[in-house]
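Here the structure is laid out as structure tokens; the discussion comes afterwards.
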Amino acid sequence: MFKPVMWVRKDTQNDNMFWPSDEFKKKAWVKDESLYTEATKDPAAFWAKLAREGLEWFKEWDETYQWKPPYYKWFLNAKLNVSFNALDRHIKTWRRNKAAIIWVPEPPNEKERVLTYFDLYREVNRFASVLKSLGVKKGDRVGIYLPMIPEVQIAMLACTRIGAIHSVVFSAFSGKSLQERMVDAEAKVLVTSDGYYRRGKQINLKVEADKGVEGTSIEKVVVVKRVGLNVNMVEGRDYWWHELLENADNYCEPEPRDSEDPIFILYTSGTTGKPKGVEHHTGGYAVQAYWTTKWDFDLHDEDVFWCTADIGWITGHTYGCYGPLLVGATMLEYEGAPNHPQQDRWWSIVETYGVTVFYTAPTAIRMFMQWGENWPSKHNLDSIRILGTVGEPINEEAWLWYFNKIGGGRCPVIDTWWQTETGGTLINSLPGIGPFIPTVAGRSFPGTSHDILDETGKPVPPGEGGYLVQTSPFAPGMLRNIWKNPERYKEYFRVYGEEYYYTSDGARRWDEFGNIRLTGRVDDVMKVAGHRLSTAELENAITSHEAVVECAVVASPHDIKGEVPIAFVTLKKETEPSDQLKKELIKHVDATIGPTARPDRIIFSNELPKTRSGKIMRRILKSLVRNQPVGDTTTLMNPESVQQLKEEVGFKG
Ligand code: PRX
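To get our numbering, take the position in the sequence shown, counting from 1, and add 1451.
Listed below in structure tokens is the structure:
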């Protein structure tokens, strides 16, 4: 069906460096340096031009950018509605009947659902009317705890339409995690489902949702019937989605929002035990979502874009909802597991729907590598023209495997660096420009700037490593606050002062052209299979078990998941360590945070190494799990604990 074309060429000097071919450039939105030059000259003017070109505003801004450290604002006093931009705009054009979402259910014998832009427009309007009838007003918070079904995008856009602030919670998080977030967000309504399919099993989500609603300000719960499970419905509180929609209005006026009104809150893990509500604002977020989607993935009208991230993470928000819909693209959404019914499910989907742009995480690539290339090679993947990765540093082997086995050696691999806080991608090579170098993400997105500083705040020279920061003008999609917690927001601007947004990532300046290699988090945040987890949250969860006195969690490198948590646990005197107890602790973590946070190993220990002031020395634990020299232990309060731990861990140092 598709003719393989040479999309990239090898560098003449460097075997591991690739460039777009002339043929590829011909089609690309961005193909030469002029854009970078223009953006650097006057970033604010550049973003203003993009904002005008990409979106329809009800009222234009009086001022493009304002910086009052540590706060910044974009498109001041402008008015817009993001749902209007993602839907109403398109239905006035030929895109009215274009597929907006191709949804693939997990059960292989169940048919896909295709929602055209008009379908999506109608459903969003109807659900927006429902939300209004449930008493949701602009500025109110709506919790969304849904699996990967189109109702999740419908619910998000319906909130956006009426100016409600959504807070999506990953459906694999426990009810307790949901509850913690809903309490903080002071949500009024929750949208959830009876369940979903995962590896052929029907998972009951409503049970967790019920736990999540307890003790919160949630007054109404809307339940999507996905699986047909017999779930508990609380009279006067719980309503079926389909029943509410029966009498809903087909049109709901989009609410004009100020550019600096919040569009959503998304909770993410920091270095403390409490997740933080990252607050994104309407105008800037939409502009960055639009242009990064269009340029990073070179999205054209005929493309089929598949971002495999769950909607519960920022990647799902920006590239599995807002970005593609704002640009009017066709996107694919898949409900289930990559290995159901077999390890070639993803590749079978790519072939069936002719996916052209594919965006996933390094951990998934390494998993497929382990399963073997015979799975992708069973399918014709010639439709793919661009590959993307996100979420953690990608190792060279995985990059090359992805490039060769999935991309057939002809597709650029776009390694995008960004964070929940940044709202959209920030550092990556653009497909029509290059270069594509394994393990090197690339340059700052036009109109943004980053630096790499040493401990003293001095920029490092090419070839050297340091800490990644962003400088003003801060990208339009950047967080504006931490929900109800400005002190935590200010922490991002504390390390090097208010002029620098501190990313908590290590980075290396690759060359003199601004290319950057990311080397991973430098704080106590882990990336486990691409998921962001906090060691402190995990420690709190484990310590809340009655048998535990004390616990320290550190990240250990893992071949597939990138990193995994290892928990060092001291038990109460009267408690005997056992494998049974380890299982129980894992179950306890499942119930407190969710299965994604499960420790890979639990190590019982009579004592944890501590400083004389009683602080647990995580540095030593990290060295132990990495088989690295532990360094000087003589200043510890209990140096003998290290010897015992070496035996427990099986330290080979
Ligand atoms: O350490 C960086 C890593 O993921 C962190 C942000 O995680 P989260 O907020 O969950 O957002 C992930 C999806 C945007 C960063 O601080 N990270 C993300 N992308 C990359 C990366 N590390 C290396 N290379 C990347 N491309």
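Glycine residues also receive a C-beta, built at the ideal position from the N, C-alpha and C atoms.
- DSSP lists Glu1730 as the bridge partner or partners of Asn1932.
- Ser1472 and Lys1461 have their alpha carbons spaced roughly 9 Å apart.
- Linking Tyr1773 to Leu1717 through their CA atoms gives a straight-line distance of about 14 Å.
- Nearest in C-alpha terms to Leu1527, of all of Gly1735, Met1977 and Gln1630, is Gly1735.
- Counted as a single uninterrupted DSSP element, the alpha helix (DSSP H) harbouring Lys1627 occupies residues Gly1626 to Ala1636.
- Look at Asp1956: its beta carbon is less than 7 Å from one of the heavy atoms in ligand 1.
- Taking 3 residues as the shortest admissible run, the stretch 1999-2042 contains the following complete beta strand (DSSP E) segments, listed from N- to C-terminal end: 1999-2009 and 2013-2022.
- The beta carbons of Pro1813 and Glu1847 sit no closer together than 8 Å.
- Distances from the CB of Gln2079 to the heavy atoms of ligand 1 are all 7 Å or more.
- For Gly1646, the enclosing beta strand (DSSP E) covers residues Gly1646 to Arg1649.
- By the Cβ neighbour-count rule, Val1581 is buried, with 16 or more other Cβ atoms within 10 Å of its own.
- The DSSP-derived three-state label of Ser1534 is helix.
- Trp1852 and Phe2019 have their C-alpha atoms spaced approximately 35 Å apart.
- Contact between the stretch 1566-1575 and the stretch 1591-1600 is absent: fewer than three C-beta pairs spanning the two stretches fall below 8 Å.
- Each residue's CA atom was taken as its position, placing Gly1805 and Val1685 some 43 Å apart.
- Below 8 Å, too few C-beta pairs join the stretch 1610-1618 and the stretch 1751-1760 to call them touching: fewer than three.
- A direct Cα-to-Cα measurement between Val1672 and Ser1644 gives close to 10 Å.
- Nearest to Pro1520 by alpha-carbon distance, out of Ile2044, Phe1944 and Pro2050, is Phe1944.
- Closest option to Asp1712, judged by alpha-carbon separation, among Phe1624, Trp1525, Ala1636 and Val2004: Trp1525.
- Counting every other CB atom within 10 Å of its CB across the protein chains shown gives Glu1474 a total below 16, marking it as exposed.
- Remark: C-beta atoms of Leu2022 and Val2005 do not approach each other more closely than 8 Å.
- If you look at Gln1653, you'll find it isn't in any alpha helix (DSSP H); it sits in the beta strand (DSSP E) that goes Lys1652 to Asn1655.
- Looking at the DSSP output, Pro1471 bridges to Val1459.
- The C-beta separation of Val1678 from Gln1653 comes to about 5 Å, placing the pair in contact by the 8 Å criterion.
- Shown here for Thr1667: same chain residues with a beta carbon closer than 7 Å to its own, the five before and five after excluded, namely Gln1630, Met1633, Val1634 and Ala1638 in chain order.
- For ligand 1, a non-hydrogen atom lies closer than 7 Å to the CB of Lys1978.
- The alpha carbon of Thr1840 has as its nearest neighbour, out of Asp1749, Asp1866, Ser1622 and Cys1862, the alpha carbon of Asp1866.
- Only residues of its own chain outside the window of five on either side were considered, and among them Lys1662, Gly1663, Ala2042, Thr2043 and Ile2044 have a CB closer than 8 Å to the CB of Lys1627, listed in chain order.
- The continuous beta strand (DSSP E) containing His1617 extends over residues Ile1616 to Val1619.
- Three or more Cβ pairs drawn from the stretch 1951-1962 and the stretch 1904-1918 lie within less than 8 Å of each other, which places the two stretches in contact.
- Here Pro1713 is bridged, per DSSP, to His1732.
- Straight across, the Cα-Cα distance linking Gly2065 with Val2093 is about 15 Å.
- DSSP places Phe1748 in no beta strand (DSSP E); its state is neither H nor E.
- Partner residues in the beta bridge of Lys2061, as assigned by DSSP, are Ile2067.
- Proximity of the stretch 1925-1932 to the stretch 1731-1751 meets the contact definition, three or more beta-carbon pairs being nearer than 8 Å.
- Shown here, Phe1896 sits in coil according to DSSP, grouped into three states, outside any helix or strand.
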